[in-house]
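Student: First the structure, then my questions, so here it is.
Protein chains: 2
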Amino acid sequence: MTAPAQRSTRQRDVISRVLDTAEGPLAVAEVLGRAQGDLPGLGIATVYRTLKLLTDQGRIHPVTLDGETLYEASGRGHHHHFSCTACGKVFTLHTCPVALPRGTVYPGGFIVEAHEVTLYGRCPGCAAQMA
Amino acid sequence: MTAPAQRSTRQRDVISRVLDTAEGPLAVAEVLGRAQGDLPGLGIATVYRTLKLLTDQGRIHPVTLDGETLYEASGRGHHHHFSCTACGKVFTLHTCPVALPRGTVYPGGFIVEAHEVTLYGRCPGCAAQMA
DNA sequence: TTATATGCAAACATTTTGCAACGCC
DNA sequence: GGCGTTGCAAAATGTTTGCATATAA
Chain U
1 MTAPAQRSTR QRDVISRVLD TAEGPLAVAE VLGRAQGDLP GLGIATVYRT LKLLTDQGRI
61 HPVTLDGETL YEASGRGHHH HFSCTACGKV FTLHTCPVAL PRGTVYPGGF IVEAHEVTLY
121 GRCPGCAAQM A
Chain F
1 MTAPAQRSTR QRDVISRVLD TAEGPLAVAE VLGRAQGDLP GLGIATVYRT LKLLTDQGRI
61 HPVTLDGETL YEASGRGHHH HFSCTACGKV FTLHTCPVAL PRGTVYPGGF IVEAHEVTLY
121 GRCPGCAAQM A
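Quick mapping for you: the protein sequence lines, in order, are chains U and F.
With the first letter of the first sequence counted as 1, position 118 gets the number 118 in the UniProt record's numbering; the numbers rise by one all the way through.
With the first letter of the second sequence counted as 1, position 104 gets the number 104 in the UniProt record's numbering; the numbers rise by one all the way through.
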C-alpha cells in the first residue's frame with residue numbers, strides 16, 4: 001500500500017517554477033498567466049489541481065489577503081507581507097515586527113503557536129511617485 | 001442634489017444589531033442565521049446588500065481569515081484577532097503586539113499606513129481542556 | 001502498456017444583479 | 001404616492017469534478 005505515483009509533467013514543472021521565481025505571493029490568475037507564457041494551452045483546472053497538490057506536499061502555501069487567495073513557495077523562512085494601497089502589489093518583508101515565539105502566552109491566556117502580520121501602505125515605488 | 005435617502009428597515013436594524021452584539025467577527029452565513037432568528041423570511045441577498053451598505057458607511061468592516069470573509073462592527077478601537085487552531089473560534093484581542101504608528105517607514109522604504117496581526121494557537125478554553 | 005495527468009465542459013459554491021412586489025417616509 | 005428596499009430567481013464569479021484523450025514511466 002504505497003502512495004500513488006507522482007508524475008513529473010511539464011505543467012507541474014512550469015507552475016512550480018513560476019511560484020519559485022515569484023517576487024511575492026501570486027493570485028491564481030497570475031499563476032495561470034505567467035505559466036501560459038511557457039505553456040499556451042495550459043488549463044485553469046490544471047493550475048488549481050497543481051496548486052492543491054503542491055500545497056498538500058508543503059511546497060507552497062496559501063496566503064489570504066483582502067479576500068483573495070494568493071500562493072507562495074514555502075521554505076523562505078519567517079516573513080510577512082506588505083500590501084500597497086496604491087498599486088495593489090504584495091511584497092514580502094523579511095523583517096518581523098513582533099516578538100512572539102511559539103508558546104508565548106498572550107494577555108488573556110491565549111497560547112501563541114504562530115502569527116501573521118500584514119502591513120498596508122505605500123510601497124517604495126508608489127511613495128516615490130507621490131513626491 | 002443630495003445623497004439618496006437611507007431608510008431604516010427592520011432588516012437593516014436586525015443585521016446591524018447582530019453584528020453589534022457579536023462577540024467577534026461573523027461569517028455571512030452566521031449573520032444570516034442569527035438574523036433569521038428575528039426575521040425568518042430574511043433573504044441572503046439582503047444580507048449581502050446590507051453588509052456592503054454598512055461597510056460603505058464605515059459601520060462595519062470585513063476581516064479575512066483563512067480565506068473566509070468575516071464582518072465585525074467598527075469603532076471598537078484598535079485590536080487584532082486570535083484564531084484558535086483547536087475549536088476554530090475567532091477572538092478579539094485588545095492588546096497590540098506591534099509598534100507601527102502611521103507614517104512609520106519600514107525597512108525597504110515601505111510607508112506604513114495600517115497593520116493587521118492575527119495570532120494562531122490555543123484559546124484559554126481549549127488550552128485548559130488539554131491540561 | 002497502463003495508470004496518472006491534462007483540457008474541456010459541466011457542476012458547484014459564493015456573491016451580485018434584475019425585477020416585480022412591498023413598505024418607509 | 002413615490003422611491004428606496006426586499007425576496008426571489010437569474011446571472012456572474014471563482015473553484016471543483018467527470019470524462020475522454022494524452023502522456024510519463
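Ideal Cβ placement from N, Cα and C applies to all residues, glycine included.
As the structure is a computational prediction, the values presented were derived from the model and not from experiment.
#1: Could you check where the beta strand (DSSP E) with F/GLU23 kicks off and where it finishes?
#2: What separation, rounded to the nearest whole angstrom, lies between the Cα atoms of U/GLY33 and U/THR64?
#3: Where does F/VAL31 sit, in a helix, a strand or coil, going by DSSP?
#4: Compare the beta carbon distance of F/HIS78 and F/CYS96 with 8 Å and say whether it is the shorter of the two.
#5: Tell me whether F/GLY103 is buried or exposed, calling it buried when 16 or more other Cβ atoms sit within 10 Å of its Cβ.
#6: In terms of alpha-carbon separation, which member of F/VAL14, F/SER8, F/HIS115 lies closest to U/CYS84?
#7: For a contact meaning CB atoms closer than 9 Å, what does F/THR85 contact in chain U?
#8: Expressed to the nearest angstrom, what Euclidean distance is found between the alpha-carbon atoms of U/MET130 and U/GLY24?
#9: Compare the C-beta of F/LEU93 with all C-beta atoms of chain U and state if any pair is closer than 8 Å.
#10: From U/LYS52 to U/GLU113, what does the alpha carbon distance come to, in whole angstroms?
#11: Going by C-alpha to C-alpha distance, which of U/VAL18, U/ALA35, U/ALA127 sits closest to U/CYS87?
#12: CB U/ILE60 to CB U/TYR48, shorter than 8 Å?
#13: Short check: CB of F/ALA27 to CB of F/GLU68, under 8 Å?
#14: Within 10 Å of its beta-carbon, does F/SER8 have 16 or more other beta-carbons around it, so buried, or fewer, so exposed?
Tutor: To lay it out plainly:
#1: Looking at the DSSP string, F/GLU23 is not in any beta strand (DSSP E), and its letter there is neither H nor E.
#2: 20 Å
#3: helix
#4: yes
#5: exposed
#6: F/HIS115
#7: GLU113, ALA114
#8: 23 Å
#9: yes
#10: 24 Å
#11: U/ALA127
#12: no
#13: yes
#14: exposed
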